[in-house]
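Here the numbering used here is used: position 265 in the sequence shown is 265, and no number is missing along the way.
All C-beta atoms, glycine included, are put in the ideal place defined by N, C-alpha and C.
Quick caveat: nothing in here was measured; it's all calculated off a predicted structure.
Note sheet for the following structure.
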Amino acid sequence: MVNASWSDRYRLMVLMRRFEEACLTGVASKAVHGELHTAIGQEAIAVALSEHIRADDSLTSTHRSHLHAIAKGIPLRPLLAEIFEKKTGMCGGFGGHMHLFDRERRFSTTGIVGASLPVALGHAYASKLRGSDAVAFAVVGDGSVNSGGFHETMNMASVLGLGLVVIIENNEWAISVPFSAASATATLAERAVAYAVPGERVDGLDVQATSDAIGRAVAHARTDGPAIVEAMCYRFRGHYEGDLDLYRDQGEKSLRTETKDPLVLARAFLSDGILDPVLLDELEQSASAEIDELLASVLLDEQPDPASARDHVFTSGLAPFEGIPS
Ligand SMILES: Cc1ncc(C[n+]2csc(CCOP(=O)(O)OP(=O)(O)O)c2C)c(N)n1
1 MVNASWSDRY
11 RLMVLMRRFE
21 EACLTGVASK
31 AVHGELHTAI
41 GQEAIAVALS
51 EHIRADDSLT
61 STHRSHLHAI
71 AKGIPLRPLL
81 AEIFEKKTGM
91 CGGFGGHMHL
101 FDRERRFSTT
111 GIVGASLPVA
121 LGHAYASKLR
131 GSDAVAFAVV
141 GDGSVNSGGF
151 HETMNMASVL
161 GLGLVVIIEN
171 NEWAISVPFS
181 AASATATLAE
191 RAVAYAVPGE
201 RVDGLDVQAT
211 SDAIGRAVAH
221 ARTDGPAIVE
231 AMCYRFRGHY
241 EGDLDLYRDQ
251 GEKSLRTETK
261 DPLVLARAFL
271 SDGILDPVLL
281 DELEQSASAE
291 IDELLASVLL
301 DEQPDPASAR
311 DHVFTSGLAP
321 FEGIPS
């Protein structure tokens, strides 16, 4: 896969940030319910991922999935509309921000930590049975890798030589538990040795380095078997919107968010002789305008009819809540 141009990459990074910020407005206005998890600060990984994922590849994600959906090519309008619980959403407003599914584009999420890995394994196995080189991507957090599902998935994928790419977004925190207190190994990439597969740790704030690492993993997965990429990043906000986040050292958090913002780093890098700062301003403005317009339009959409609440819950032909008066 060819890398996108720097202007496209930068615009996409900004677009992703603005998209997540649009979601935040839904919490403040009470249009979005439940625990909203944003990936602010993790944009470079999603941009890098978007450069290697094909339409026939699958992607399974987690509770922090919006940017992975964008990377997979889910159109922004039905994605934002789903997060805002609208009838026009990709799941008709039934899923909300944590349950995003697009069967045609082979994209799914789960709020159960670690549970997306065996689903990705199934996609990878199906791909092998079909004789296809389509790859299954599982993007997970560092909190998922101590689950049995991670071990079983990696072991089986290696034994069967399946095309699985596990991208671990190591943002150093699993709710209030620091990575250093939860992992027996200093890195997660080194666990690849246990499964006899390639494993690589990369700076997930660096689009180029991350794209290169994912590219190597994908090339391996299309022909030889699974690979792991551990992309280092930092969770910029509380675990969810509303989390007071008092368990983290506030001084360190401020320092990290101020000095390790992937957008700020990308802008500084690009301004140094690669792209004209005026163009960077224009890209920022156009991404912001696109999201502002999108949000304004989505807010006008209807919510699903409450009478449809039981739709899609039962297989057709079976009476819903049989015996229970409606
Ligand atoms: C099986 C299971 N256990 C616990 C939880 C509660 N929970 C939700 S998110 C989370 C932490 C996830 O951390 P990580 O995988 O690092 O992802 P991040 O939130 O940092 O992106 C936990 C423990 C859950 N959803 N599922």
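* Report the partner residues of S61 according to the DSSP bridge assignment. => Per DSSP, T109.
* Span separating the alpha-carbon of I324 from that of E302 -> Interpretation of I324 is limited by its pLDDT of 45, a score under 50 that renders its predicted location unreliable; the figure taken from the coordinates is listed afterwards. Distance between the alpha carbons of I324 and E302: 29 Å.
* Asked: How would you write the range of the beta strand (DSSP E) that S232 sits in, first residue to last?
  -> This sequence places Met at residue 232; Ser is not what is there. Start and end: A227 to M232.
* To do: Pick helix, strand or coil for R201, following the three-state DSSP scheme.
  => strand
* To do: Leaving aside the five residues before and after H63 along the sequence, list all residues of the same chain whose C-beta is less than 6 Å from its C-beta, in chain order.
  => H37, M98 and G111
* Which residues does DSSP pair with W173 in a beta bridge? -> P178
* Asked: In angstroms, rounded to a whole number, what distance separates the CA positions of K86 and H33?
  -> Each residue's Cα considered, the two are about 12 Å apart.
* Asked: How long is the line joining the alpha carbons of S326 and A309, rounded to whole angstroms?
  -> Bear in mind that the predicted position of S326 carries a pLDDT of just 47, short of 50, making it unreliable; the figure below should be weighed with that in mind. Using only the alpha carbons, I get a separation of about 12 Å.
* Does the stretch 53 to 62 touch the stretch 137 to 152, meaning 3 or more C-beta pairs lie closer than 8 Å? -> yes
* Asked: Who pairs with V298 in a beta bridge, going by DSSP?
  -> Paired residue(s): none; V298 is not in a bridge.
* Asked: If you follow the beta strand (DSSP E) that A136 is part of, which residue opens it and which one closes it?
  -> A136 to G141
* **L164, DSSP secondary structure in three states** => strand
* According to DSSP, which residues form a beta bridge with D102? -> F107, per the DSSP bridge assignment.
* To do: Label V278 either buried or exposed according to how many other C-beta atoms from any shown protein chain fall within 10 Å of its C-beta, with 16 as the threshold for buried.
  => With fewer than 16 other Cβ atoms within 10 Å, it is exposed.
* **Segment contact, 8 Å Cβ cut-off, at least three pairs: the stretch 193 to 202 with the stretch 219 to 237** => yes
* Asked: So the alpha helix (DSSP H) G215 belongs to, where does it begin and stop?
  -> V207 to T223
* Whole-angstrom distance between E20 and G95, CA atom to CA atom -> Rounded to whole angstroms, G95 to E20 spans 18 Å at the Cα level.
* When you compare only the Cα positions, how much space is there between I40 and E169? -> In a straight line, the C-alpha of I40 is about 12 Å away from that of E169.
* Asked: Would DSSP call D133 helix, strand or coil?
  -> coil
* Mind checking whether L80 and A31 have CB atoms under 8 Å apart? -> no
* Asked: Exposed or buried, V145, counting other C-beta atoms within 10 Å across all chains shown (16 or more means buried)?
  -> buried
* To do: Return the CA-CA distance between S147 and G204, expressed in angstroms with no decimal places.
  => Using only the alpha carbons, I get a separation of about 23 Å.
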